[in-house]
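Numbering (the numbering used here), first residue to last: 298 to 560.
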């Protein structure tokens with residue numbers, strides 16, 4: 298499977314497929330995106346090679362395991378696990394620290410775990426995170442600008458990217474949609490990956506937080522240069538091939554249930 302991220306056209310195809318419920322005709326995609334059949338077919342071939350879509354006669358559908366549910370439904374799932382992950386992720390965060398938190402539901406639990414901290418400097422593109430940590434304990438919260446996505450209250454685009462570039466923080470705490478030994482850390486959305494890559498560049502300590510259900514899974518977009526990640530927090534021991542990927546990139550591992558760093 299290729300470790301490269303999808304290009305913008307592939308991302309547009311995936312978003313159109315999401316909106317169509319996961320399957321549609323090739324003709325629909327061509328009309329929806331205003332491009333030729335051949336452009337759609339060429340991009341579908343590369344997506345199929347990475348097992349992201351599957352072509353059928355005259356149509357295409359998403360491989361089920363890369364479909365991502367809504368923010369609200371994800372927030373209510375695996376609550377105990379996410380609370381343990383959040384507790385482990387904030388252990389080294391002190392009052393007065395500066396943090397970037399992304400739009401993921403696991404990082405939403407990290408925000409809730411930080412409610413008793415004070416004087417935090419928080420940068421986020423998540424309405425949920427901003428509302429959780431603002432107006433309390435003398436925190437300063439900077440909400441990334443731009444249009445908010447209706448399905449998760451996340452801000453993306455050039456305004457959000459500009460703010461994150463300008464505000465250097467100590468910790469960037471990021472969620473991902475999948476972890477794979479061949480590709481590393483992956484997300485379901487190109488905009489989210491672009492913002493995460495910028496946050497990684499502008500933080501001193503980069504932390505990925507993800508539950509064990511993401512281990513060994515695939516998603517369309519890979520994070521760039523995973524060797525810049527410092528710490529991976531999860532709730533179960535990863536399979537040996539993923540542990541080897543972490544070791545090769547010098548990424549420390551914390552298994553939340555064990556609460557001990559692994560090398």
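Virtual Cβ for every residue (Gly too), placed ideally from N, Cα, C.
Keep in mind that this is a model prediction, so the values were computed, not measured.
- From the listed residues 405, 351, 509, 524, the smallest Cα separation to residue 494 is found for 524.
- Residue 511 counts as buried, since no fewer than 16 other beta carbons sit within 10 angstroms of its beta carbon.
- If you ignore the 5 residues before and after residue 507, its C-beta comes within less than 7 Å of the C-beta of 403, 472, 473, 476, 531, all in its own chain and listed in chain order.
- The three-state reading of DSSP puts residue 514 in coil, since its state is none of H, G, I, E or B.
- Under the 10 Å beta carbon count, residue 447 is surrounded by fewer than 16 other beta carbons and is classified as exposed.
- The three-state reading of DSSP puts residue 424 in helix, counting H, G and I together.
- Contact annotation: the region 454–468 touches the region 488–504, with at least three C-beta pairs closer than 8 Å.
- Secondary structure note for residue 353: its beta strand (DSSP E) is the uninterrupted segment 350–353.
- Within its own chain, the residues whose Cβ lies closer than 6 Å to the Cβ of residue 458, once the five positions on either side in sequence are excluded, are 495, listed in chain order.
- Scanning 434, 401, 519, 436 for the CA closest to the CA of residue 423 turns up 401.
- Of the candidates 502, 342, 311, 522, 502 places its Cα closest to the Cα of residue 396.
- Restricting attention to 412, 479, 426, the CA atom closest to the CA of residue 384 is found in 412.
- Counting along the chain, the unbroken alpha helix (DSSP H) around residue 488 starts and ends at 487–498.
- Counting only the Cα atoms, residue 553 lies some 11 Å from residue 377.
- Taking C-alpha positions only, residue 406 is separated from residue 513 by approximately 23 Å.
- With a threshold of 16 other beta carbon atoms within 10 Å, residue 436 meets it and is buried.
- DSSP links residue 476 through a beta bridge to 482, 512.
- As a beta-bridge residue in DSSP terms, residue 358 pairs with 320, 351.
- Counting along the chain, residue 552 sits inside the beta strand (DSSP E) bounded by residues 549–552.
- A Cβ-Cβ contact shorter than 8 Å links residue 359 with residue 314.
- Each residue's CA atom was taken as its position, placing residue 449 and residue 534 some 30 Å apart.
- Shown here, residue 412 sits in coil according to DSSP, grouped into three states, outside any helix or strand.
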